[in-house]
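Notes follow once the structure below has been shown.
Number of protein chains: 2
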Amino acid sequence: MVHKKIQLKDIAREVGVSTATVSYVLNDHPMSARISEDVSARIRQTALDLNYQPNQIAKSLKTQKTYTIGLIVADIANPFSAHMARIIEDDAKKKGYTVIFGSSDENIDKAQNLINTMFNRQIDGLILAAVDKSQSQIADILKKGVPLVLIDRYFPMDQVSYVGIDNYGATYEAVQLLIRNGRKRIGLISYDTELVHLSERNRGYLDALRDGGITADNALIKTISLHQIRQDVERGLAELLQAEPAVDAVLFTTNLLSINGLRYLYQQKVAIPERLAVVAFDETDVYDFFPISITYVRQPLDELGRAASEVLISQMENKTEQAIKVNLKTTLVVGQSSG
Amino acid sequence: MVHKKIQLKDIAREVGVSTATVSYVLNDHPMSARISEDVSARIRQTALDLNYQPNQIAKSLKTQKTYTIGLIVADIANPFSAHMARIIEDDAKKKGYTVIFGSSDENIDKAQNLINTMFNRQIDGLILAAVDKSQSQIADILKKGVPLVLIDRYFPMDQVSYVGIDNYGATYEAVQLLIRNGRKRIGLISYDTELVHLSERNRGYLDALRDGGITADNALIKTISLHQIRQDVERGLAELLQAEPAVDAVLFTTNLLSINGLRYLYQQKVAIPERLAVVAFDETDVYDFFPISITYVRQPLDELGRAASEVLISQMENKTEQAIKVNLKTTLVVGQSSG
DNA sequence: TATGCTTGCTTAAACGATTAAGCTGGTTAA
DNA sequence: TTAACCAGCTTAATCGTTTAAGCAAGCATA
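The listed protein sequences derive, respectively, from chains A and B.
Under the working numbering, residue 340 is the last one in the first sequence; the count climbs by one each step, no gaps.
Under the working numbering, residue 340 is the last one in the second sequence; the count climbs by one each step, no gaps.
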């Protein structure tokens, strides 16, 4: 037997008042100060008795607020995205917002499709891990006046809010450590992309080398296609291991690169850190299975997610025109793999 | 500058017709057969020119369809959930549905909260990984007449659709393999829960032992609290390793149990499979980092997600009263760890 | 005694779409 | 000649809320 949905008018009929009165009371509208205690109490009780659940759709249509935020991540199956999604959903829920989500798969058309769908659903704001070359997409969103927070991926536009890490500092610090440990031929495994946050990681690497008195060698920088990570990482590492003069360290700039790289190095039985010192990026389950402890850059995922949610919601509620940029510090967790 | 949202009436004004005409044309309503080619074309063109995006909220209020499905997983940060979420979102999107999601954290109150929120948003259907002891919660949903598909976790109620694996067969087959490989003292690491899909895994273990002529020993069955997995797994394994007569094999019944168990066995340098044969559950990144290949039960995650989405949507659209139960076969991927 | 203020409500117009029913002028069939 | 029909629209109600404006009765004030 299908239960009929209880509406305002059911309560109104039951109590013998108008729907307006019921609405005022249940929403604690200022006008409810003018409703008698007796009627108020009866309305509240009846709402409870009938287990009234307001129709958010109708509410949203009238108030022009959906209390929904959109979240577009690169890939929800990537633990980095999944972890942040979890935090964001949690924080948003606490503040009365529901999250609708989608994965862009680094594909700009899929992202646009998701953006359109979400806007049609009148989301109040959007948290977006933007894909490569999507400046104009971001600009379009801004033009619509919908609150937007970019997460993880930075774009140099000053009207847009952003929450991410100090990408430059993260790799700078990592390379500095490797140099301090006596490494001179340091390889880099990074993505083939124009995404600013990744080129910032590259820049940190390059500057740390320079500041450490080491001339960068382009042959030691391997760029990996987002769409064939495993194959490219393995080829890149194989090339690095054969380089002349020999490579003595390598830095990975994302979690998937780290996992794929470590797997290969493990399977090839490369002596770490003796032959090759390693610094990975992001925390992953696999580090515990390595013969030695892994040195890695830890991103503060919880804070990232929370900050994104907070910045977005404050923007939505305070209508702050000012864009907010948050750059969180990473932590270099030093293990034995870095020499 | 904030762009004003284009509405039906803007197009209507532009073309010089009523909003009804515009609606008929843009929705390919049967009535649109009676609108002249000229007017139709002008409406379509104007909609494109103005980049009209229908307001889903208004549409939903009128049609009583939101084209939104709710997804409640146990923990979106668990790769098992994340993977399925990704597939479900993808498949649903293809069919015109948007997904709103939440993590219950195995907490029944949090789950109820999510269910309420989603219903207030008038979801057309729900995919639910139900938490322990939530039969009455499920019954409530059914009473409302909202299409529901349980995923992963089975409950013995015949009015509700379900998509999952053959849990009994999965562990039965795994234990059978261990017995064939000469193991006689086989431990089980499982959760402390009444969840049927997990007790089915236990039952498969027990029956395979019995059918293999081995008397089950309760001391070899370790139940782990969902809320302190690492600690409990380590204690459980430590106990198993000290058991008399010696344990010669162990079976893990979920991915997190497998990861935590393997980590401990690795760190304790337990010889696998010589001293202890191991069968894990679910595919994880960490297997590749083990000295030997791991034998594990593979769940068909893609098919699970797709089936859940398909069953739900067919139920929503065809109004099939009949509950559908899908039990997908698992694959026992045999490596060296099982001896 | 008229005036205004307060109290405790109600009325009805929105929000932006969908859609049944109606209207008008021409064509066709009987 | 007139009814019936069709093409090509429009009108207006509706979905379930919110909320500005209104209204009636009672009380206080001038």
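Beta carbons are placed, not taken as given, at the ideal position from N, Cα and C, and that holds for glycine.
Check the Cβ of residue i against every Cβ in chain A and list those closer than 7 Å, keeping chain order.
i              : result
Y267 (chain B) : F290
Using the rule of at least 16 other Cβ atoms within 10 Å of the residue's Cβ for burial, across every protein chain shown, is residue i buried or exposed?
i              : result
H30 (chain B)  : exposed
E245 (chain A) : exposed
E275 (chain A) : exposed
N52 (chain A)  : exposed
E195 (chain B) : exposed
A309 (chain A) : buried
R35 (chain A)  : exposed
S135 (chain A) : buried
E38 (chain B)  : exposed
M32 (chain A)  : exposed
H228 (chain B) : exposed
L49 (chain A)  : exposed
P80 (chain A)  : buried
I187 (chain A) : buried
I88 (chain B)  : buried
M2 (chain B)   : Residue placement at M2 (chain B) is flagged as unreliable, the pLDDT there being 46, under the threshold of 50; the coordinate-derived value follows with that caveat. Counting Cβ neighbours within 10 Å, M2 (chain B) comes out exposed, since fewer than 16 surround it.
T285 (chain B) : buried
D193 (chain B) : exposed
N256 (chain B) : buried
T64 (chain A)  : exposed
A86 (chain B)  : buried
A112 (chain B) : buried
Could you name the residues of chain B that residue i contacts, counting a contact when the two beta carbons are closer than 7 Å?
i              : result
A86 (chain A)  : I77
R264 (chain A) : D289, F290
E245 (chain A) : Under the 7 Å cutoff, chain B gives no residues; its nearest Cβ is about 29 Å from E245 (chain A).
A239 (chain A) : Those do not exist, as A239 (chain A) stays about 17 Å from chain B at its closest Cβ, beyond 7 Å.
Output needed for residue i: all residues of its chain with C-beta closer than 7 Å, excluding positions within five of it in sequence on either side, in chain order.
i              : result
V287 (chain B) : I260, L263
F156 (chain B) : A131, Q136, I139, V197
D208 (chain A) : Y173
Q337 (chain A) : P274, I293, S294
T224 (chain B) : S191, Y192, D193
I12 (chain B)  : V23, I44, T47, A48, L51, Y53
Using a Cβ-Cβ cutoff of less than 6 Å, which residues in the same chain neighbour residue i once the five nearest sequence positions on both sides are dropped?
i              : result
I44 (chain B)  : V16, V23, V26
G205 (chain A) : Y169, T172, Y173
A281 (chain B) : F253, S259, I295, Y297
Q160 (chain B) : L143, A324
T332 (chain B) : R299
A42 (chain B)  : none
I222 (chain B) : L189
Q316 (chain B) : P148
K241 (chain A) : Checking the displayed sequence, the identity of residue 241 (chain A) turns out to be Leu instead of Lys. If we look at L241 (chain A) and ignore the five residues flanking it on each side, its Cβ neighbours are G188, V248.
G213 (chain B) : I180
P301 (chain B) : L329
A271 (chain A) : Contrary to the premise, residue 271 (chain A) reads as Val rather than Ala in this sequence. The residues are L277.
Can you list, in chain order, the residues of its chain with a C-beta nearer than 8 Å to that of residue i? Leave out the 5 residues immediately preceding and following it.
i              : result
V18 (chain B)  : V40, I44
I124 (chain B) : T67, T69, I70, G71, I101, V147
S82 (chain A)  : V74, A75, D76, S104, A130
S56 (chain A)  : It should be pointed out that residue 56 (chain A) corresponds to Asn in this sequence rather than to Ser. Here the set comprises K6, Q8.
L210 (chain B) : V176, I180, I187, T216, A217
V335 (chain B) : L178, T296
G165 (chain A) : L151, I152, D153, R154, Y155, H198, L305, V327, N328, L329
Please compile the residues from chain A whose C-beta is within a distance smaller than 8 Å of the C-beta of residue i.
i              : result
Q123 (chain B) : N56, Q57, I58
T118 (chain B) : K94, T99
E90 (chain B)  : I77, F102, G103, S104
For a contact defined as C-beta to C-beta under 8 Å, what are the partners of residue i on chain B?
i              : result
P80 (chain A)  : A78, P80, A83
I260 (chain A) : D286
Could you run through the region 282 to 313 of chain B and flag, in chain order, every residue whose CB is less than 8 Å away from some CB of chain A? Within the region 282 to 313 of chain B, T285, D286, V287, D289, F290, F291 place their CB atoms closer than 8 Å to a CB of chain A, listed in sequence order.
Return the chain-ordered ranges of every alpha helix (DSSP H) run that is complete within the region 67 to 101 of chain A and spans a minimum of 4 residues. You should have 80 to 95.
Residues of the region 45 to 69 of chain B with a CB closer than 8 Å to any CB of chain A: list them in chain order, please. Against chain A - using a Cβ distance shorter than 8 Å - the residues of the region 45 to 69 of chain B are Q54, P55, N56, Q57, I58, A59, S61, L62, T67, T69.
Using a Cβ-Cβ cut-off of less than 9 Å, list which residues of the region 184 to 212 of chain A approach chain B; keep chain order. Answer in chain order: no residues at all.
For the region 160 to 172 of chain A, list every residue whose C-beta sits within 7 Å of some C-beta in chain B, in sequence order. Cβ contacts with chain B: none found.
Identify every run of the alpha helix (DSSP H) within the region 223 to 285 of chain B, keeping only runs that are complete inside it and at least 4 residues long; order them along the chain. 230 to 243, 256 to 268, all fully within the region 223 to 285 of chain B.
Within 8 Å of chain B by C-beta, residues of the region 98 to 113 of chain A in sequence order: In summary, the residues of the region 98 to 113 of chain A whose CB is separated from some CB of chain B by less than 8 Å are T99, V100, I101, F102, G103, S104, in the order they occur in the chain.
Restricting to runs no shorter than 4 residues, where is the alpha helix (DSSP H) found entirely within the region 94 to 177 of chain A? The DSSP assignment places 109 to 121, 136 to 145 as complete runs of the alpha helix (DSSP H) inside the region 94 to 177 of chain A, in order along the chain (cut-off: 4 residues).
The region 128 to 147 of chain B: positions lying closer than 7 Å to chain A by Cβ: Flagged, chain order: K144, K145, G146.
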